[in-house]
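Asks: First the structure, which I've put down as structure tokens, then a few questions once you've had a look.
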Ligand SMILES: [Zn+2]
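Protein chains in written order, with our numbering: chain A, 162 to 454; chain B, 596 to 1275.
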């Protein structure tokens, strides 16, 4: 097991080198929700286009939306959920592909097709790892919910104390996500080690590694996740504050830029946790190229 | 076979009854009872067995025939028998829908039986008693009894009956019963129907969706409960004394049409005694606004102080201040707009969670609310349920308590008017930030959303059990009626409707108004024929639906083709691509419901025009000539027709927006999509 710390700068370099993967992540994230948007546009686009720009109360818009979308809600829900699932499947795929490629190909050229086919070949193993993360998040949140019930059961305590408790619980819920996420990121790389089979064990080792290096782990995650989330929120905030930025052109440009930044961040974040240094410009791999089992 | 009827000894009960009588003779009456509307008086002495959840009672009823027709029978409600078996009319109706989960369970069935009924003189009537099923003929329903009298009660005469009864409370499935040690004792005593002269006795069976209907009168009630148990009840407490290992409470209520009570051990429920103090509890801004709306001086809207008693489970004590605030705000709002609450006290009971089905129910001078322990904490504390339920049930003190309409035949008359008032009050509470915890400002929209899910025409004005589904009867009585009144407000103006509603309350205090009475008052006060509302919406299930069908622009220019000049055809000189615009605006009425609707025309230059379309024809074409194009058209731009079923076709734009109100959706989806990433 490696003791290497996650490296933000390595992630940055790797993401730049893996620009084809970044581009693929960008394209897929843009595409997955297109069906949902098409369904919505077909159902409500015409009617919504005729609504006045201002002066319509929120409740009125909500009613019109329900009126238009109501009849197609199963299709809309299916489209949105399958978009979400596709994104998940895809993330697992390129995670697996990047690990296999980096661990087993040394400094060979970056070929997208090769990365994706490797990912596809070993997809199920990394999917098990991802499912472990999902289960851990679910379990952790169930624990937080139990904590919420226990706190609220002691209703006689002071309001301040309850406030402190609720904030603590909210923090715990976030911590659960962070830990599971980090364990998954590290586990994904551990799962690439020759001879590794069990995704759950890799995840547990990932968690152990995270707990051994909590500061560098969280710091690396924050350094990548904050700009990614900020980029995702940017078009929303911009459009909300400035009407000119809602238009189809400005909105798409802004959204596209945000999507690119996000894709870069996700690839960079993932690569930052690589225990091998095979692809960097700073010399040969720590472990050398492996052999495909 | 129904519950057997027999005769048992009753010395203890009679002794108790004498005590109640003595109490009822002493002390001044309050409020000054209007003799004309006092039809039935009850004296009841009842003891609760908290282990077996049983009641044993003796009751003396004095009924006066205030109609012009004689009768030689008395009809009685035995409501608890609705919980006697799975075959009662109520249980059958509940089982038909998903409400079928609601069954009292093995040891939880409830029933009542009259063990003795006699004229005050001593003539036994039990042999002349039979069960009636006026609504559905269900032989397994025992909720209505008819008692033949040995002689006629002529107009102006009265009769006095002595009864003894036994009852077992059901496990709470609907309004009444027990859950653990908590006992909500409602619909518990043999209660007279309403004699309506030529129409006979109005005494319906107890249905799943129906509530109640009874005459006004006085109640003197003695309750025997375990020592120290807390009690919340209709009326004013007169005394509380220990008797053996129990406590005996005497209560008195005047000018009410029902009596309910709740009791529980003090370890389970606590009591908060507080008050309504007008100087402190009426928001100044409400007083000013109400005075302006009603066109009365602030001095005319003065409200009396009164006492409030709240029974709340110990687990919900943290919510008591919020409940009390809601009660005070409700008393202020209803008092200012519909007149003072006419009794000196109000009792509010919040049932414990196991008895949730007893919550949200109104009784004279008392109601049950509903809450969960978790409502004290975010995010549940952001909801407005406590205020909604409290204000709603408080509203019933007016529409049902004081204006005692028939809740079985015209449930919409009280539920709909209360739901309307509830939303109005909640709107004010939210807008004036009087309950700053509330984060959900949607009131009418909630009703509109619920109603938008019903497809076929929903007729409002029909007896509750004639609705296809219980859920539909609720949607009709509550949501649709509330929106109908809201629409009336939108079309005629809020102040005018408020004044009309105040007149309705003033005219029918302590009476039994019908839908026709409401219509008469509203038409008289507003000066409008309200056929569309009462015949269209309420009786025929119509909902309004306006639309902008099309808008077309053409250049007026010169004619093309041939021109008739000097007795012959000439070729036209010009092509018609210049000159002012001729604009066709086509509006449609997609529903049978006829009514006037406002239309807003917004021109390119920003000029705004308002017009009214009478809506009589199914469609209309307005043709305008203008140097500028029409930019936007909106039918019902002020959303006056709150009841409208399809609103997306009410707007038209010359240049449809490229970014509708959903510009954010793609970005939001992408943001939500991020949730997938930590999971992988
Ligand atoms: Zn109600």
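In this text, a Cβ means the ideal position worked out from N, Cα and C, and glycines have one as well.
Computed from a predicted structure; not experimentally measured.
Residue 1082/B lies in the alpha helix (DSSP H); which residues open and close that run?
Replies: Within the second chain, numbered from 1, the residue matching residue 1082/B stands at position 487. Taken as a continuous stretch (DSSP letters only), the alpha helix (DSSP H) holding residue 1082/B covers 1076 to 1087.
Asks: Grab me the residues of residue 802/B's own chain with a C-beta within less than 8 Å of its C-beta, minus the 5 sequence neighbours each way, in chain order.
Replies: Position 207 of the second chain holds residue 802/B. Correct list, in chain order: 684, 685, 688, 730, 1003, 1059, 1060.
Asks: What does the Cβ neighbour count give for residue 1268/B, buried or exposed, with the cut at 16 atoms within 10 Å?
Replies: Along the second chain, read from residue 1 onward, the residue named residue 1268/B stands at position 673. That one is buried.
Asks: Taking C-beta pairs closer than 7 Å, name the residues in chain A that residue 1022/B reaches, listed in chain order.
Replies: Residue numbering aside, residue 1022/B sits at position 427 when the second chain is read from its first letter. The premise fails here: residue 1022/B is roughly 11 Å from chain A at the closest Cβ pair, so nothing lies under 7 Å.
Asks: Compare the Cα-Cα distances from residue 915/B to each of 896/B, 991/B, 971/B and report the closest residue.
Replies: Residue mapping note: residue 915/B aligns to position 320 of the second chain, counting from 1. For residue 915/B, the nearest C-alpha among the options comes from 971/B.
Asks: Can you list the residues near ligand 1, meaning Cβ strictly closer than 6 Å to any non-hydrogen atom, in the order they appear in the chain?
Replies: Cβ-based neighbours of ligand 1 within the cut-off: 987/B, 991/B, 1010/B, 1013/B.
Asks: By DSSP's criteria, residue 1193/B is part of a beta bridge. Which residues make up the other side?
Replies: By 1-based counting over the second chain, the position of residue 1193/B is 598. Answer is 1207/B, bridged to residue 1193/B.
Asks: Measuring only between beta-carbons, confirm whether residue 221/A sits less than 8 Å from chain B.
Replies: Position 60 of the first chain, counted from the start, is the residue given in the question as residue 221/A. Cβ-Cβ to chain B under 8 Å: yes for residue 221/A.
Asks: Where do the N-terminal and C-terminal ends of the beta strand (DSSP E) with residue 906/B fall, by residue?
Replies: Counting from 1 along the second chain, the entry for residue 906/B is found at position 311. First-last of the beta strand (DSSP E) with residue 906/B: 901 to 908.
Asks: How many angstroms separate the CA atom of residue 862/B from the CA atom of residue 757/B?
Replies: In the second chain, counting from the first residue as 1, residue 862/B sits at position 267. In the second chain, counting from the first residue as 1, residue 757/B sits at position 162. Going from the Cα of residue 862/B to the Cα of residue 757/B covers about 37 Å.
Asks: Between which two residues does the beta strand (DSSP E) harbouring residue 1229/B extend?
Replies: By one-based count along the second chain, residue 1229/B stands at place 634. Counting along the chain, the beta strand (DSSP E) containing residue 1229/B begins and ends at 1225 to 1230.
Asks: When the cut-off is 8 Å and only beta carbons count, does residue 907/B lie next to chain A?
Replies: The residue you call residue 907/B lines up with position 312 of the second chain. No, because no Cβ of chain A sits closer than 8 Å to the Cβ of residue 907/B.
Asks: DSSP on residue 1237/B, reduced to helix/strand/coil?
Replies: Taking the first residue of the second chain as position 1, residue 1237/B is located at position 642. Note: residue 1237/B maps to coil in three-state DSSP.
Asks: Checking contacts by CB at 8 Å: is residue 425/A closer than that to chain B?
Replies: Residue mapping note: residue 425/A aligns to position 264 of the first chain, counting from 1. Taking Cβ atoms only, chain B never reaches closer than 8 Å to residue 425/A, which makes this a no.
Asks: Given this structure, state the Cα-to-Cα distance separating residue 661/B from residue 634/B, to the nearest angstrom.
Replies: Here residue 661/B refers to the residue found at position 66 when the second chain is read from its first residue. Here residue 634/B refers to the residue found at position 39 when the second chain is read from its first residue. When rounded, the distance between both Cα atoms is 7 Å.
Asks: Less than 8 Å separating the beta-carbons of residue 1194/B and residue 1221/B?
Replies: Locating residue 1194/B in the second chain gives position 599, counting from the first residue. Locating residue 1221/B in the second chain gives position 626, counting from the first residue. Contact flag unset, no.
Asks: Can you find the residues in the same chain that come closer than 6 Å, C-beta to C-beta, to residue 1104/B, ignoring five residues on each side of it along the sequence?
Replies: For the purposes of this step, residue 1104/B is identified with residue 509 of the second chain, where counting begins at 1. Excluding residues within five positions, the ones whose Cβ falls inside 6 Å are 997.
Asks: Is the beta carbon of residue 867/B closer than 8 Å to that of residue 842/B?
Replies: The residue labelled residue 842/B in the question sits at position 247 within the second chain. The residue labelled residue 867/B in the question sits at position 272 within the second chain. Not a contact, by the Cβ cut-off of 8 Å.
Asks: Would you kindly check if the distance between the Cβ of residue 205/A and the Cβ of residue 1040/B is under 8 Å?
Replies: Counting from one through the second chain, the residue named residue 1040/B turns up at place 445. Counting from one through the first chain, the residue named residue 205/A turns up at place 44. Not closer than 8 Å, so no.
Asks: Kindly say whether residue 276/A, judged by its beta-carbon, lies nearer than 8 Å to any beta-carbon of chain B.
Replies: Here residue 276/A refers to the residue found at position 115 when the first chain is read from its first residue. No, no contact with chain B.
Asks: Hey, is residue 228/A's beta-carbon within less than 8 Å of any beta-carbon in chain B?
Replies: Locating residue 228/A in the first chain gives position 67, where the first residue counts as 1. With 8 Å as the cut-off, residue 228/A counts as an interface residue toward chain B.
Asks: Using three-state DSSP, classify residue 410/A as helix, strand or coil.
Replies: Position 249 of the first chain, counted from the start, is the residue given in the question as residue 410/A. It is helical.
Asks: Within 10 Å of its beta-carbon, does residue 855/B have 16 or more other beta-carbons around it, so buried, or fewer, so exposed?
Replies: Start at 1 with the first residue of the second chain, and residue 855/B comes out as number 260. Classification for residue 855/B: buried.
Asks: To the nearest angstrom, report how far apart residue 292/A and residue 958/B are at their CA atoms.
Replies: As a first step, residue 292/A must be located in the first chain, where it is residue number 131. As a first step, residue 958/B must be located in the second chain, where it is residue number 363. In a straight line, the C-alpha of residue 292/A is about 54 Å away from that of residue 958/B.
Asks: Can you check DSSP and say which residues form a bridge with residue 377/A?
Replies: Looking up residue 377/A in the first chain gives position 216. According to DSSP, which records beta bridges pairwise, residue 377/A is partnered with nothing at all.
Asks: State yes or no: is the beta carbon of residue 1253/B nearer than 8 Å to at least one beta carbon in chain A?
Replies: Numbered from 1 along the second chain, position 658 holds the residue referred to as residue 1253/B. Yes, its Cβ sits closer than 8 Å to a Cβ of chain A.
Asks: How many angstroms separate the CA atom of residue 215/A from the CA atom of residue 1037/B?
Replies: As a first step, residue 215/A must be located in the first chain, where it is residue number 54. As a first step, residue 1037/B must be located in the second chain, where it is residue number 442. Computed Cα separation, rounded: 19 Å.
Asks: Looking at the structure shown, is residue 1105/B part of a helix, part of a strand, or coil, going by DSSP?
Replies: On the second chain, position 510 is the one that residue 1105/B refers to. Residue 1105/B: coil per DSSP, three-state reduction.
Asks: Can you tell me whether residue 1157/B is buried or exposed? The criterion is at least 16 other CB atoms within 10 Å of its CB, across all chains shown.
Replies: Position 562 of the second chain holds residue 1157/B. Residue 1157/B comes out exposed.
Asks: What does a CB cutoff of less than 7 Å around residue 624/B pick up in its chain, not counting 5 residues either side in sequence?
Replies: Position 29 of the second chain holds residue 624/B. For residue 624/B, the predicted model reports a pLDDT of 32, less than 50, meaning its position is unreliable; a value from the coordinates is still stated below. Counting only Cβ-Cβ distances below 7 Å, and skipping sequence neighbours, we find 849.
Asks: I think residue 342/A touches residue 294/A, with their Cβ atoms under 8 Å apart; what is that distance to the nearest whole Å?
Replies: Within the first chain, the letter at position 181 stands for residue 342/A. Within the first chain, the letter at position 133 stands for residue 294/A. Between residue 294/A and residue 342/A the Cβ distance is about 7 Å, and since that is below 8 Å, they are a contact.
Asks: Given a cut-off of 8 Å, decide if residue 1192/B and residue 1211/B are closer than it, judged by their beta-carbon atoms.
Replies: Within the second chain, the letter at position 616 stands for residue 1211/B. Within the second chain, the letter at position 597 stands for residue 1192/B. No, the Cβ-Cβ distance between residue 1211/B and residue 1192/B is not below 8 Å.
Asks: Using the beta-carbon of each residue, which ones in chain A are nearer than 7 Å to residue 1243/B?
Replies: Walking along the second chain from the start, residue 1243/B turns up at place 648. Going along chain A in sequence order, the residues near residue 1243/B (Cβ under 7 Å) are 208, 225, 228, 229.
Asks: Got a sec? Which residues, its chain only, sit under 6 Å from residue 806/B by beta carbon, not counting five neighbours each side?
Replies: As a first step, residue 806/B must be located in the second chain, where it is residue number 211. Result list for residue 806/B: 1002, in chain order.
Asks: Give me, in chain order, the residues of the same chain whose beta-carbon lies closer than 6 Å to that of residue 669/B; leave out the 5 immediate sequence neighbours on both sides.
Replies: Reading the second chain from its first residue, position 74 is the one you call residue 669/B. Excluding positions up to five away in sequence, the list reads 742.
Asks: If you draw a straight line from the alpha carbon of residue 826/B to that of residue 815/B, how long is it in whole angstroms?
Replies: Position 231 of the second chain holds residue 826/B. Position 220 of the second chain holds residue 815/B. C-alpha separation (whole angstroms): 16 Å.
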